[in-house]
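Q: In this note's numbering, the protein residues as written are 800 to 1396. Below is a structure I'd like to ask you about.
Next up, the structure:
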């Protein structure tokens, strides 16, 4: 039904029914929020010392150089007035689309209504002006050291992004238009989504990034054929079934990070690194780490090395009859693989023929974007949290990583799910991203204190396993793959660590894209290329300037490197042996345990 003016008239009974549903859902929301467990405030924000130092520096500058403050304000006032006058003209002129649009390339403001409606156009432009003004003030504060400035800029940006008009129903034209078009049903669906997410996470607001009903690990994810042939309290060891008649003699073990689950390397057949390696003719073993609970409170880095890395290496050598194995470590598992190699060197043992490091940090003198979370205010809070709970809960880590890309991983999904009422997409990568794991309390603190804060390994003073370990104790042939836009493990920091290792045989590959997409980059897509340069004597940026670019995935280049270190072809090996019976089909049982908040 339409009115005389041609506008769609509301369906009043339907609208009233939806409003009643909103009231019912609101009561459920209050009940769900009441289940929220308290979180230490020190895990929510930086300590007050940072803001005290920033305020003191700003006051001192204002007293010493008031002209700079006046300059900021006059410029801000002028632009604000211009925006207001432009909005008045647009309103008077019938709302034509403005000629200038500062946010045209900002995905938060993709809806045409941000340009065509004078009111929302003014809100958007004024927000962008406010955001720039705040950033300019923070950037121009004198008297702050660079570390404090970096942290202040980061947390200021978080506040600025949180207050985007796109994040609020009253100032989001797309959400308001959708609510009117659907007689409020989009808001009902959005509130249902919000209540569902909060109920599913014990009162915590964790936005569902993917449709959890669209995937089943072992059914349409992690489907490469294999068997669990060894299990202890730390890990399940999976041996994959061969797909070729012959395989390379030297077996390969992949150690994935235990911050997430291993099936990032085996999502679907077309983007599975695990399946691709097996198809190239390798006997492949993969460690599936346990998802620890509070009973693992005293498990530290040494336990991961002894009961994880060394146990897996010993079992693979027994099954295959080989004296040496090739290894791969991804992210934190690459860091710990480097510790394992250093410890083996100090013990004068050499069961590893080569090592591949994927997005791995070993020198933490430059921690990249993650640096803002590594001061004592946060680490002290984590230490208190794990002392009380026994483990670092997965949602705390997931939330921290998400804030490194808050618009992509928090606000935009929240807007689409809660204000527009859309279901989450059936996206395998985002499903995996939401399937987090806990960390043992002791291990989390050791990693943060010993490596991230004190950088003991790079400085040659890490005491572990009765030995003092140094990055220079990594002596085996190695290949490192890093990612150009990695916001977790900066490629330049990874490069600096590789340069310091004692190995004579080093290969370094820089992939395009980020921490996950740059690694899970199968050859068939030809989506991201990679860079190589054999001269590792140069600083990182000079290495990059002299590097050759290659189209397509790094996988074939790495496999050619690995093949030269994997021996002759032998008859393909089936999983297990008489001493290692099949305990479960891949992907095993440990990977199925989901963390609870």
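The C-beta atom is built at its ideal place from N, Cα and C for all residues, glycine as well.
Taking 9 Å as the cut-off, decide whether the C-beta atoms of residue 1238 and residue 1178 are in contact.
A: Their beta carbons are not under 9 Å apart, which means residue 1238 does not touch residue 1178 by this criterion.
Q: Looking at residue 880: is its Cβ nearer than 9 Å to the Cβ of residue 918?
A: No.
Q: If I'm right that residue 1022 touches residue 1068 with Cβ under 8 Å, what's the distance once you round it to whole angstroms?
A: That belief holds up - the Cβ atoms of residue 1022 and residue 1068 are roughly 7 Å apart, short of 8 Å.
Q: Quick one: using the 10 Å Cβ neighbour count with 16 as the cut-off for buried, is residue 1386 buried or exposed?
A: Buried.
Q: Roughly how many whole angstroms lie between the Cα atoms of residue 935 and residue 818?
A: Cα to Cα, residue 935 sits roughly 44 Å from residue 818.
Q: Consider the Cβ of residue 816: report whether some Cβ of chain B lies at a distance smaller than 9 Å.
A: No chain B is present in this structure, which holds just one protein chain.
Q: If you draw a straight line from the alpha carbon of residue 1039 to that of residue 1379, how long is it in whole angstroms?
A: Whole-angstrom Cα-Cα distance: 14 Å.
Q: Between the beta-carbon of residue 995 and the beta-carbon of residue 1158, is there less than 9 Å?
A: The answer is no: Cβ separation not under 9 Å.
Q: Between which two residues does the alpha helix (DSSP H) containing residue 1178 stretch?
A: Residue 1178 -> alpha helix (DSSP H) spans 1175-1188.
Q: Apply the 10 Å Cβ neighbour rule to residue 1272 and answer buried if 16 or more other Cβ atoms are within range, or exposed otherwise.
A: So residue 1272 counts as buried.
Q: What whole-angstrom Cβ distance do residue 1410 and residue 974 have, given they're in contact under 8 Å?
A: For residue 1410 there is no data in the structure shown, the boundaries of the chain being 800 and 1396.
Q: Contact check, residue 1226 vs residue 1009 under 8 Å by CB: the rounded distance?
A: Yes, they are in contact, since the Cβ atoms of residue 1226 and residue 1009 sit about 5 Å apart, within 8 Å.
Q: On the criterion of 16 or more Cβ atoms from any shown chain inside 10 Å, does residue 1308 qualify as buried, or is it exposed?
A: So residue 1308 ends up on the buried side.
Q: Give me the Cα-Cα distance between residue 1082 and residue 1144, rounded to the nearest whole angstrom.
A: Their Cα atoms are separated by approximately 25 Å.
Q: Where DSSP assigns a beta bridge to residue 1151, which residues make up the other side?
A: BP columns for residue 1151 point to 1124.
Q: Which stretch, first to last residue, makes up the beta strand (DSSP E) that contains residue 1347?
A: 1347-1349 is the span of the beta strand (DSSP E), which, as asked, contains residue 1347.
Q: Residue ranges of each beta strand (DSSP E) run of no fewer than 3 residues wholly in the stretch 1268-1334, ordered along the chain?
A: If we require 3 residues or more, the beta strand (DSSP E) runs fully inside the stretch 1268-1334 come out as 1277-1282, 1305-1310 and 1329-1331.
Q: Cβ atoms of residue 987 and residue 821: under 9 Å apart, would you say?
A: Yes. Within cutoff.
Q: Under 9 Å, do residue 1064 and residue 825 count as touching if we go by C-beta distance?
A: Cβ distance not < 9 Å, so residue 1064 and residue 825 don't count as in contact.
Q: Could you check whether residue 1035 and residue 1306 sit closer than 9 Å to each other, using their CB atoms as the reference points?
A: No.
Q: Just list the residues that DSSP pairs residue 1038 with in beta bridges.
A: Looking at the DSSP assignment, residue 1038 forms a beta bridge with 1026 and 1084.
Q: Count the C-beta pairs between the stretch 1148-1168 and the stretch 1275-1293 that are closer than 8 Å, then say yes if the count reaches three, no if not.
A: They touch, by the three-pair rule.
Q: Could you give the distance in angstroms between the alpha-carbon of residue 1377 and the alpha-carbon of residue 1041?
A: Distance between the alpha carbons of residue 1377 and residue 1041: 18 Å.
Q: For residue 1206, which residues from the same chain have a beta carbon less than 7 Å from its beta carbon, with the 5 sequence-adjacent residues on both sides left out?
A: Excluding residues within five positions, the ones whose Cβ falls inside 7 Å are 907 and 960.
Q: Please report the distance separating the alpha-carbon of residue 940 from that of residue 1353.
A: Straight-line Cα distance between these residues: approximately 43 Å.
Q: Is the distance from the Cβ of residue 1311 to the Cβ of residue 1283 below 9 Å?
A: The answer is yes: Cβ separation under 9 Å.
Q: Helix, strand or coil: how does DSSP classify residue 1224 here?
A: Three-state DSSP puts residue 1224 in coil, outside helix and strand.
Q: Out of 1088, 1130, 1336 and 962, which has the shortest C-alpha to C-alpha gap to residue 1209?
A: Taking only the C-alpha atoms, the option nearest residue 1209 is 962.
Q: Answer yes or no: do residue 1393 and residue 1234 have a C-beta to C-beta separation smaller than 9 Å?
A: In this structure, residue 1234 lies closer than 9 Å to residue 1393 by Cβ.
Q: When the Cβ atoms of the stretch 1252-1267 are set against those of the stretch 1133-1147, are three or more pairs found closer than 8 Å?
A: They touch, by the three-pair rule.
Q: When you compare each of 1280, 1322 and 853 to residue 951 by their alpha carbons, which one comes out closest?
A: Comparing Cα positions, the closest option is 853.
Q: Report the CB separation of residue 1368 from residue 1047 in whole angstroms; it is logged as a contact under 8 Å.
A: Sure, about 6 Å apart at Cβ, within 8 Å.
Q: Beta-carbon within less than 8 Å of residue 1096's beta-carbon, same chain only, minus the 5 sequence neighbours each way: which residues are those?
A: 1185, 1189, 1190, 1239, 1240 and 1241, listed in sequence order.
Q: Find out if the Cβ-Cβ distance for the pair residue 993, residue 828 is shorter than 9 Å.
A: Yes; because the gap between Cβ atoms is below 9 Å, this pair is in contact.
Q: To the nearest angstrom, how far is the alpha carbon of residue 929 from that of residue 1214?
A: When rounded, the distance between both Cα atoms is 21 Å.
Q: Count the C-beta pairs between the stretch 1115-1130 and the stretch 1247-1256 that are closer than 8 Å, then say yes if the count reaches three, no if not.
A: Result no; under three Cβ-Cβ pairs closer than 8 Å.
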